[in-house]
Structures are given as structure tokens and as C-alpha cells.
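Once you know that position 173 of the sequence shown is 173 in UniProt numbering, the rest is easy, because the numbers rise by one and skip nothing.
Just so you know, even glycine gets a beta-carbon here, dropped at the ideal spot from N, CA and C.
Keep in mind it's a predicted model, so treat the numbers as computed, not measured.
See below for the structure under consideration.
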Amino acid sequence: MNKQFQRISRLIGEENVMLLSGKTVSIAGIGAVGGFAVEMLARCGIGHIRILDFDTVSETNINRQIIALHSTIGMLKTDVMKKRILDINPDCHVEAFPEVLTDENHYKLFDGADIVLDCIDSVGAKISLLSDAYHSGIPIVSSMGAALRRNASLVRTADIMDTWGCPLARQIRSGLRKQGVGKGIESVFSPEKVDFNYIDPDEDEEAETAESGRKRRVLGSLPIVTAVFGELMADLALRKLLPNGTLDGRAEGNARK
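Dropping the structure here:
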């Protein structure tokens, strides 16, 4: 047993730590939410992590993104995150894809993955990814809107079709239904009321434009909220990867006696 995972093994058992070391997790988007999700999964000993993000670190990311530091400004997020993962767990196999998510590269996330985490913010790309995973039988969990929220204690998890109070989730639900998607995709969301009618960043004329050509709307955000979103995304993933009840203290042999 690797010494760095001893505290985890005392809670869930060595056999489950070994189980996680054999799992493959893919994450689309490693910004405010995805970065924290990756961090948690790496620290829990996931053995194979794939990350996909086209973007570079900017100064405006520093308020909420775990990989954003003055020393990393201008660097590819995938490069920074890969280096960070390997510094946490040198035994982790990391694949980094510094590219825009499209229908044509979903396979890079799906092939051999035990679960996929959707942490992107473009409505169209999000619906496409979730629909493709759903119809392909690929386990996937999804983050809804974390921006503009102030109260971290209101962040929740639920099936996407059971979410409420989130403008982004409402658009995603509608789009997924049109794609023939029903229940079965767990999500992280906040029902906190926000003064904002969600507009796809691709359609916002006043948005900033990234190097990829995709426009991005500038929204306020708090790290105490986006971090909780990311941590709950990792929690949902672990609950699907581990035997039922392991993280609730119910699984037999899940802790040292």
C-alpha cells in the first residue's frame, strides 16, 4: 500500500484503494469545477486520468481555478493539470488533450473509461456529450451552473431530470429530451436563485472570444462555490466506481478494524 493513501484505506479499505487504482476517469473541462474534481480524484488514487480542455490559464482564472497561479498564466491548462496530477501521484497514467470538445473527439474521453465527468459550460457541446454518452452506455456525471451563486451550502446532487431552480439545467433537460435522453445522468447543481436568464456563451454577442473562436460570457463566481461543485462531481464519480455503500460506511470490510 502506497503510504500516501493510508488515510484513505483506513476509511474504505485497501481493496477499494486498489480498485480505484485500476479505474479510468475522463474529465471534459478543467476549469473552476473540473480542476477541483480532477484534484480530488488524483488524491483518491485514480490510476488513469484523461483530461480535455483547449484553454490556457489567464489571470482572471486565479480567483477560482486550482491550477491558476501567477506562475502558470499563459500555460495550457492540460499541461499544468497533468504536471499537478503526477506531482500528487507519480504512478497515475495521465492523458492530456489540449483541444476543443467536439462530436468527433468524444471517443477520446469514452474509450475504456469507467466514468466521464462533464465540466464544460457550452450548452450545445454539453447536450451533445451527455446524449452521446447516454446512448452509448457510458457512465457520465454532469455539472450544471456554478457561476453567480453565493451560497455553497445550497449545492445539491440529483438526476439531471430532477434538478430545479437552475437556468442552465433547464436548458440541458430540454435539449436532452429532444435527443431521447431520460433519467440516468447524475448532476451537481444549485437551486439558488440568480438574476440571470442563461444564454449559451456561443450566442452571446457581448462575450469575450477565446483563441478557439468560442465566445465566453463573463460571469461572477466565488471559489467557495465552484470548489464544492468540483468536489461533489468527484464524489458522484467515486460512488459509481466503488461498491454500493462504501462512502456511506455501509459496505462490508470498507474500513480497517
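Run the CB neighbour count on G45, radius 10 Å, all protein chains shown included, and call it buried at 16 or more, exposed below.
Result: buried.
In terms of alpha-carbon separation, which member of G220, L109 and Y134 lies closest to R150?
When each option's Cα is compared against that of R150, the closest is G220.
Give the list of continuous alpha helix (DSSP H) stretches no shorter than 4 residues that lie fully inside the stretch 32 to 111.
DSSP runs (the alpha helix (DSSP H)) wholly in the stretch 32 to 111: 32 to 43, 77 to 88 and 106 to 110.
Taking the beta strand (DSSP E) that T163 belongs to, which residues open and close that run?
Note, T163: premise wrong, no beta strand (DSSP E); not H, not E.
Since K193 and G165 should fall inside the 8 Å C-beta cutoff, what is the C-beta to C-beta distance between them, to a whole number of angstroms?
The Cβ separation is near 7 Å, so the contact holds.
What's the C-alpha gap between M40 and A234?
Near 6 Å, if we compare the C-alpha coordinates of A234 and M40.
DSSP three-state label for A113, please.
Here A113 sits in coil by DSSP.
Please classify A28: does DSSP put it in a helix, a strand, or coil?
Reduced to three states, the DSSP call for A28 is strand.
Just reading off the alpha helix (DSSP H) that V228 is part of, what are its end residues?
Note, V228: alpha helix (DSSP H), P223 to L241.
Alpha carbon to alpha carbon, how far is L247 from V181?
L247 and V181: Cα-Cα distance of roughly 28 Å.
Tell whether a beta-carbon distance below 8 Å holds between I88 and R43.
Yes.
Looking at the structure shown, is residue 258 part of a helix, part of a strand, or coil, going by DSSP?
For residue 258 there is no data in the structure shown, the boundaries of the chain being 1 and 257.
Check whether the Cβ atoms of L109 and S26 lie closer than 8 Å to each other.
Taking 8 Å as the Cβ cut-off, L109 and S26 qualify as a contacting pair.
Taking the beta carbon of Q7 as the centre, do at least 16 other beta carbons fall within 10 Å, making it buried, or is it exposed?
In the sequence on display, residue 7 carries Arg and not Gln. Exposed, by the Cβ-count rule.
Decide if the stretch 102 to 122 is in contact with the stretch 139 to 155; the criterion is three or more beta carbon pairs, one per stretch, under 8 Å apart.
Cβ pair count under 8 Å is three or more, so yes.
For T102, tell me which candidate among R84, H135, T78 and F54 has the shortest Cα-Cα distance.
Out of R84, H135, T78 and F54, F54 has the C-alpha closest to the C-alpha of T102.
Helix, strand or coil for I185? Go by DSSP, reduced to three states.
I185 falls in the coil class under three-state DSSP.
Indicate whether G29 and V57 have their beta-carbon atoms separated by less than 8 Å.
No, the pair does not count as a contact, with Cβ atoms beyond the cut-off.
Measure how close the beta-carbons of T78 and F97 come, nearest whole angstrom, since I'm counting them as under 8 Å.
That belief holds up - the Cβ atoms of T78 and F97 are roughly 7 Å apart, short of 8 Å.
Applying the criterion that 16 or more other CB atoms from any shown protein chain within 10 Å of the CB defines a buried residue, is N63 buried or exposed?
Label assigned to N63: exposed.
Does DSSP put K257 in a helix, in a strand, or in coil?
Unreliable placement is indicated for K257, whose pLDDT of 39 sits below 50; the coordinate value is still reported in the next sentence. In this structure, K257 counts as coil in the three-state DSSP scheme.
Cβ atoms of L176 and L130: under 8 Å apart, would you say?
Contact flag set, yes.
Can you tell me whether S122 is helix, strand or coil according to DSSP?
In this structure, S122 counts as coil in the three-state DSSP scheme.
How is V155 classed by DSSP in three states: helix, strand or coil?
The answer is coil: DSSP assigns V155 none of H, G, I, E or B.
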